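Here's the structure we're looking at; comments come further down.
Protein chains: 6
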Amino acid sequence: MIRNDGRAANELRDIQIEKDYLIHPEGSVLITVGRTKVICNATIEDRVPPFLRGQGKGWITAEYSMLPRATESRTQREASKGKVTGRTMEIQRLIGRALRSVVDLESIGEKTIWVDCDVIQADGGTRTASITGAFVALTIALNKLYEDKKLAVFPIKEYLAATSVGVIENVGVVLDLNYLEDSTAAVDMNIVQTSSGEFVELQGTGEEATFSKKELLELLEFGEIGIQQLIQAQREALGELAEKIGGKRGDAK
Amino acid sequence: MIRNDGRAANELRDIQIEKDYLIHPEGSVLITVGRTKVICNATIEDRVPPFLRGQGKGWITAEYSMLPRATESRTQREASKGKVTGRTMEIQRLIGRALRSVVDLESIGEKTIWVDCDVIQADGGTRTASITGAFVALTIALNKLYEDKKLAVFPIKEYLAATSVGVIENVGVVLDLNYLEDSTAAVDMNIVQTSSGEFVELQGTGEEATFSKKELLELLEFGEIGIQQLIQAQREALGELAEKIGGKRGDAK
Amino acid sequence: MIRNDGRAANELRDIQIEKDYLIHPEGSVLITVGRTKVICNATIEDRVPPFLRGQGKGWITAEYSMLPRATESRTQREASKGKVTGRTMEIQRLIGRALRSVVDLESIGEKTIWVDCDVIQADGGTRTASITGAFVALTIALNKLYEDKKLAVFPIKEYLAATSVGVIENVGVVLDLNYLEDSTAAVDMNIVQTSSGEFVELQGTGEEATFSKKELLELLEFGEIGIQQLIQAQREALGELAEKIGGKRGDAK
Amino acid sequence: MIRNDGRAANELRDIQIEKDYLIHPEGSVLITVGRTKVICNATIEDRVPPFLRGQGKGWITAEYSMLPRATESRTQREASKGKVTGRTMEIQRLIGRALRSVVDLESIGEKTIWVDCDVIQADGGTRTASITGAFVALTIALNKLYEDKKLAVFPIKEYLAATSVGVIENVGVVLDLNYLEDSTAAVDMNIVQTSSGEFVELQGTGEEATFSKKELLELLEFGEIGIQQLIQAQREALGELAEKIGGKRGDAK
Amino acid sequence: MIRNDGRAANELRDIQIEKDYLIHPEGSVLITVGRTKVICNATIEDRVPPFLRGQGKGWITAEYSMLPRATESRTQREASKGKVTGRTMEIQRLIGRALRSVVDLESIGEKTIWVDCDVIQADGGTRTASITGAFVALTIALNKLYEDKKLAVFPIKEYLAATSVGVIENVGVVLDLNYLEDSTAAVDMNIVQTSSGEFVELQGTGEEATFSKKELLELLEFGEIGIQQLIQAQREALGELAEKIGGKRGDAK
Amino acid sequence: MIRNDGRAANELRDIQIEKDYLIHPEGSVLITVGRTKVICNATIEDRVPPFLRGQGKGWITAEYSMLPRATESRTQREASKGKVTGRTMEIQRLIGRALRSVVDLESIGEKTIWVDCDVIQADGGTRTASITGAFVALTIALNKLYEDKKLAVFPIKEYLAATSVGVIENVGVVLDLNYLEDSTAAVDMNIVQTSSGEFVELQGTGEEATFSKKELLELLEFGEIGIQQLIQAQREALGELAEKIGGKRGDAK
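These protein sequence lines map, in sequence, to chains L, H, Z, G, P and B. Position 5 of the first sequence, counting from 1, maps to 5 under full-length UniProt numbering, and the rest follow consecutively. Position 226 of the second sequence, counting from 1, maps to 226 under full-length UniProt numbering, and the rest follow consecutively. Position 16 of the third sequence, counting from 1, maps to 16 under full-length UniProt numbering, and the rest follow consecutively. Position 107 of the fourth sequence, counting from 1, maps to 107 under full-length UniProt numbering, and the rest follow consecutively. Position 147 of the fifth sequence, counting from 1, maps to 147 under full-length UniProt numbering, and the rest follow consecutively. Position 25 of the sixth sequence, counting from 1, maps to 25 under full-length UniProt numbering, and the rest follow consecutively.
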């Protein structure tokens with residue numbers, strides 16, 4: 001049986017990464033994965049949260065939101081509700097943690113990079129598209145600091161991208177689920193991985209279902225295929241800047 | 001003395017209205033006024049707020065928000081603060097009131113049209129661009145109901161657009177202020193007007209300043225010039241649909 | 001057709017301004033406009049909000065509230081709801097902005113004047129009565145600073161008052177709408193004006209209606225009649241203090 | 001040693017109870033105790049809270065608030081803080097409980113009486129003045145229902161009033177503490193009592209102090225003196241209506 | 001008529017006070033009164049709230065909460081509701097006030113002792129059990145400071161315990177009400193008393209009922225019986241530490 | 001190098017599961033894992049959340065909290081803050097999702113089982129201890145429904161338990177991290193697994209670190225060792241009831 005949009009099981013949707021999308025942010029990207037569109041903006045702030053003050057070390061934090069009509073039916077705004085949902089908090093924490101894993105925080109000093117991921121259109125995979133796009137926005141912003149001689153070394157150690165994999169009944173293991181697939185999947189896994197193949201985050205969930213170790217290994221294999229293509233798209237978007245990442249350190253481990 | 005971006009005193013910035021910008025909403029528009037960009041999405045809901053139930057009449061309500069980096073420095077999200085600011089509330093109420101003034105609410109029955117205006121880039125005039133764009137998104141959404149034979153008459157009575165005018169020291173009265181102008185203006189006025197030249201809303205404010213009746217009349221004259229051009233841009237964006245507005249009723253009053 | 005309370009179209013309701021109404025505030029007034037009653041209290045605080053610190057300049061801010069039974073049916077307290085409504089925020093911002101326009105903020109130094117307007121009985125026009133009463137409370141409070149030699153000049157440049165005008169179907173343009181008129185008016189306009197006839201704030205709204213330029217001019221004319229009478233009532237309430245306002249500067253522009 | 005305002009130890013401050021203070025509420029009173037002034041308004045609502053539905057029984061609930069400048073220095077509004085303080089909650093609960101104890105809730109059917117106590121000027125004893133005034137406002141509101149033949153019996157069983165007593169170092173036991181006394185008292189006790197001398201509420205507190213049984217008995221004796229005078233003031237304010245209370249039942253127990 | 005659990009009218013339920021219940025707090029106790037179980041933990045913080053800074057004096061504050069299933073049917077968490085109820089606030093304020101009355105706050109310097117009372121099982125009397133247990137936890141924590149030579153004198157002046165008494169129809173005055181008794185009692189009174197028999201807090205309430213002076217005296221007599229037994233249990237729990245309390249000062253007054 | 005508490009790398013801490021810990025809940029357990037202690041209570045409610053109404057299917061949801069002094073230094077209550085943190089939300093969602101995966105929700109009809117996990121003492125692994133204990137509390141509660149003939153089949157399909165594994169620098173892969181280990185681990189992974197060895201949830205995170213596929217496989221192997229021992233402890237705690245789980249269905253897949 002084939003997928004609802006005709007893709008092969010291990011095939012990503014079309015990816016576009018548009019650099020310098022907005023004029024004000026230090027780094028700004030519009031990432032499109034299939035019909036999912038996310039604006040990722042990076043902001044540099046000259047201080048760190050209280051728990052880090054005086055340690056000479058930087059911080060990266062993320063916020064995530066969706067326009068009310070990013071979704072098929074309208075979602076109430078979190079600002080109107082007066083609180084951020086648990087789902088949003090989980091995603092924000094995930095994006096921030098993932099980005100921090102590939103940045104040399106010591107080298108950027110007492111600065112915070114805020115990465116805002118605003119989903120303007122959603123069709124599945126918004127959190128993984130956010131990470132993939134946020135990495136590019138972050139790289140652009142940090143490069144501005146580097147070009148301005150405010151950083152001694154280029155602080156990004158490796159490429160980082162994210163995708164989803166899952167198990168769909170009667171279809172099997174698939175890569176990069178769209179919304180329709182995601183809402184019927186027995187198992188859903190988000191994978192955040194670096195260019196050297198290291199895992200940063202692995203979140204596999206069986207909602208009213210479970211998965212075996214054999215399935216897990218297939219899921220990881222599909223994830224790796226997707227991650228490598230996403231990193232290639234990031235490189236193309238970054239152009240000349242692409243070569244700076246991991247330059248001194250080398251990609252391989 | 002001339003304006004900081006070289007425009008004539010009574011000159012609008014460039015206007016673009018991109019129809020069907022997102023796939024999910026019943027009406028979706030990206031409006032660009034100079035460097036200000038607002039996504040306006042209209043959603044149809046099959047019920048009205050409690051205070052209107054049982055009256056057989058529809059309602060139109062608006063929500064307004066800005067991406068954190070729509071602005072030059074990052075603005076904290078209202079969702080993170082846990083509340084909507086006074087400025088946002090004022091703008092939401094203004095947009096809703098303005099749109100309701102040109103729609104025959106009885107003819108749409110017990111439905112609510114939600115209009116979401118999300119500013120992705122701000123350079124002054126976000127509330128007036130929101131109204132101008134929201135009118136187009138609303139028209140598209142109501143037309144869907146009309147084409148689906150869910151409405152007996154086309155419910156929009158007239159075109160509606162909004163712009164700002166102001167008084168700037170050493171420059172005088174100007175049309176369509178950008179952010180730099182807005183932040184130095186002695187007097188700031190938002191005008192919402194219909195195609196027949198009727199006022200819907202007039203909000204003039206002297207922040208630590210005042211204005212005379214003579215200045216008021218000049219402001220209104222400049223406003224009218226801008227409004228008529230904005231309505232022309234709305235007509236072009238709407239294409240064939242443009243003719244339905246005020247069709248039976250006639251534009252003139 | 002005549003008005004529901006027998007007044008002429010351009011006739012204000014009875015005005016009373018009772019000075020030194022409460023014992024604790026630096027300035028305290030009970031203003032009565034027809035059946036609308038508002039307690040206006042001014043408080044002097046020896047610091048300014050964060051955005052003004054270090055600029056050697058003062059600030060004036062307002063808060064507005066209604067007793068639950070100021071209105072015909074009971075209104076839930078905003079404290080119980082846990083948030084201030086959009087209407088209240090709009091009014092608070094309006095009162096503060098209006099008062100700031102006639103005060104020389106540089107001359108009062110780094111002080112904030114809080115003006116609390118608490119409506120104890122409402123019958124239309126509560127926001128304009130608040131501004132008119134708040135001006136008197138503010139004058140008394142600033143005069144205390146001046147008498148105590150804490151200010152080099154008397155900081156109030158001109159008188160300031162506010163009233164409402166509107167268009168009522170089958171009645172036409174009217175001045176100082178009571179609640180019944182307000183709730184049926186097609187057009188509603190709040191005017192804040194100084195003793196020299198300058199506008200500070202003009203907010204005209206057609207709720208599901210519009211208004212022409214000809215109507216606008218009539219509305220402004222009626223507004224001016226009301227404003228001048230309100231300023232006369234302020235002068236009488238202030239007694240000797242009345243002469244200090246605009247003394248050095250002269251009223252006329 | 002005598003009291004700071006020259007009163008005898010067992011002397012109340014001046015009491016005034018002004019009936020029909022505001023026009024909208026079903027019962028409205030301005031009570032003045034010395035310099036403390038509280039507006040008490042009663043509202044009748046034709047339903048009960050969820051926990052009482054279907055039991056054919058009524059409910060009485062109270063809300064309490066102070067104007068920001070009721071106090072010597074300005075107190076932040078609870079609406080601005082977004083929450084009601086613990087002190088306010090305690091007082092609201094006390095007022096409601098006290099009033100319920102003298103009303104035959106079964107006889108009023110599924111109605112809620114809201115009693116709003118808004119302190120416009122505070123000089124100690126605001127909670128006890130609120131109870132004493134609220135009793136009168138409640139009586140007027142319930143009498144309207146009774147006069148309209150909506151109640152079969154007059155539902156108030158007895159008079160109810162409240163006062164404070166305390167122990168002040170170097171002065172001893174005193175009745176009806178003003179703010180200055182209250183802030184230096186070692187022991188503070190609020191007493192709510194009926195015309196037949198029964199206790200409804202007794203709240204004695206030693207803040208960083210304690211009190212003996214002997215002191216307790218003196219405190220109660222002073223309280224009774226005050227309560228009887230307050231009930232006399234209530235009778236006078238109620239005029240003809242005064243005789244209806246406890247009519248059928250008799251005051252004595 | 002006898003009580004629903006077979007106790008005599010003036011009989012306490014079984015008391016257990018388990019010292020050092022948890023490992024992290026500076027003082028930790030599990031108190032069991034009948035089927036009511038409360039964990040009381042004391043935390044020492046090296047600063048005082050803003051209103052006390054610079055006075056060289058300490059502070060004691062309490063927080064109170066119940067597990068959702070401490071009660072027979074599940075109670076919604078206050079964290080999920082986003083606010084603390086009035087009942088909780090009243091109890092927290094009572095516990096803090098009571099504890100402060102027997103501690104020499106000057107002698108502990110600028111420190112705050114937080115006492116957390118978490119009810120894990122509720123069967124009436126949770127606030128009085130909290131006070132009785134909190135006293136022991138507080139004593140243990142303050143003794144740590146004393147043993148570490150951080151305090152010059154042992155700062156606790158007297159023993160302090162709390163219990164409830166009440167009037168139940170057809171039963172009369174009773175001591176230490178369980179939940180079933182509490183929910184049917186006509187009069188409910190909480191008594192906080194010291195080892196020398198002084199009152200710290202007396203809160204008697206007739207919910208839809210009243211009580212006479214004669215009943216009051218009986219209630220106080222029963223209270224005293226309970227308090228002395230509770231203090232005995234505290235002494236036993238404290239072991240050697242028991243002798244330090246009121247050492248220099250002597251128990252009797 | 002050995003672990004800080006002397007355990008072998010693949011050794012669990014001591015486990016105790018005390019059944020029927022509290023008297024009110026339908027299922028109640030105190031689980032102790034080393035020094036971590038969690039009270040898990042299950043409540044049965046006869047309705048489902050709105051999104052499930054009318055589908056004839058049940059729901060399981062969880063809430064998680066910590067006492068302020070469960071931790072080494074005091075943590076502010078979420079109720080006092082007025083909101084639930086992102087960490088808490090993540091954990092609550094995880095516990096609910098995990099439990100739902102092994103229950104036949106169709107067979108329990110339109111009921112919600114609330115599982116409250118309250119950590120009274122924390123030393124690492126509170127979320128996994130919560131899941132392991134919650135499973136037992138849930139089983140007891142569902143068994144009550146089953147014994148009362150309210151369920152046709154015993155609805156639990158398999159045993160479910162959770163543990164953590166991680167990578168610690170200079171130590172390597174370890175099982176069941178205590179707090180000290182957790183706060184220094186380079187990689188942290190939570191594993192929720194069933195008695196048949198299927199995964200329900202896998203959450204591996206490198207905080208400022210990454211992990212290879214080889215490390216992942218070792219982590220999973222250690223996890224499985226722990227899970228099987230935890231399930232054995234659950235069986236022992238459940239006693240006779242243990243045999244009902246997966247009875248008809250068989251454990252193996």
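For every residue, glycine included, the Cβ atom is placed at its ideal position computed from N, Cα and C. Remember, predicted model here, so these are calculated numbers, not experimental data.
At a cut-off of 8 Å between C-beta atoms, residue 112(H) does not count as an interface residue with respect to chain Z. Within the same chain, 136, 139 come within 7 Å of residue 238(H) by CB-CB distance, once the 5 residues on both sides are set aside.
For residue 190(L), there is no enclosing alpha helix (DSSP H); the residue is part of the beta strand (DSSP E) that begins and ends at 187 to 194. By the criterion of a C-beta distance shorter than 7 Å, residue 17(G) is surrounded in its chain by 29, 31, 133, 136, 233, 234, 237, once the five residues flanking it on both sides are discounted.
Below the 9 Å Cβ cutoff, chain H contributes 79, 82 as neighbours of residue 83(L), in chain order. Sixteen is the threshold: when 16 or more other Cβ atoms of the shown chains lie within 10 Å of the Cβ of residue 129(H), as they do, the residue is buried.
Residue range 126 to 147 is occupied by the alpha helix (DSSP H) that includes residue 146(B). Assigned with DSSP and collapsed to three states, residue 88(L) falls in helix. Rounded to whole angstroms, the separation of the alpha carbons of residue 78(H) and residue 79(L) is 5 Å. In this structure, the alpha-carbon of residue 216(H) lies about 32 Å from that of residue 84(H). Residue 233(B): member of the alpha helix (DSSP H) spanning 213 to 238, first to last residue.
Among the residues facing chain P, residue 118(B) is included, as its CB has a counterpart in that chain under 8 Å away.
Residues of the segment 5 to 24 of chain Z with a C-beta less than 8 Å from any C-beta of chain G: 22, 23, 24, listed in chain order. Less than 8 Å separates the beta-carbon of residue 25(G) from that of residue 43(G). Among the residues of chain G, those whose CB is under 8 Å from the CB of residue 41(Z) are 67, 68, 69, following chain order.
Assigned with DSSP and collapsed to three states, residue 154(G) falls in coil, not helix or strand. The C-alpha of residue 86(L) lies about 15 Å from the C-alpha of residue 75(L). Excluding five sequence positions before and after residue 65(P), the CB atoms of its chain that fall closer than 6 Å to its own CB belong to 118, given in chain order. Boundaries cannot be given for residue 23(P), as no alpha helix (DSSP H) includes it and DSSP labels it neither H nor E. Just so you know, the alpha carbons of residue 120(P) and residue 39(B) end up roughly 9 Å apart. At a cut-off of 8 Å, the C-beta of residue 101(P) has a neighbouring C-beta in chain G. Annotation: the continuous beta strand (DSSP E) that includes residue 64(B) extends over 59 to 66. Contact annotation: residue 27(Z) and residue 110(Z) have beta-carbon atoms that are not nearer than 8 Å. When only Cα atoms are considered, residue 49(P) and residue 106(P) end up about 15 Å apart. Bounds of the beta strand (DSSP E) holding residue 161(H) are 160 to 168.
Considering only 213(G), 208(G), 202(G), the residue with the shortest C-alpha distance to residue 210(P) is 202(G). Not flagged as an interface residue toward chain B: residue 127(L), since no C-beta distance is shorter than 8 Å. The beta carbon of residue 94(P) sits closer than 7 Å to the beta carbons of 127, 201 from its chain, once the five residues preceding and following it are set aside; these are given in chain order. Where residue 106(H) is concerned, there is no enclosing alpha helix (DSSP H), because DSSP gives it neither an H nor an E.
Residue 37(L) has 32(L), 121(L) as its beta-bridge partners, per DSSP. By the neighbour-count definition (other C-beta atoms within 10 Å, threshold 16), residue 181(P) is a buried residue. Contact between residue 11(G) and residue 175(G) holds, with the beta-carbon distance rounding to 7 Å and staying under 8 Å.
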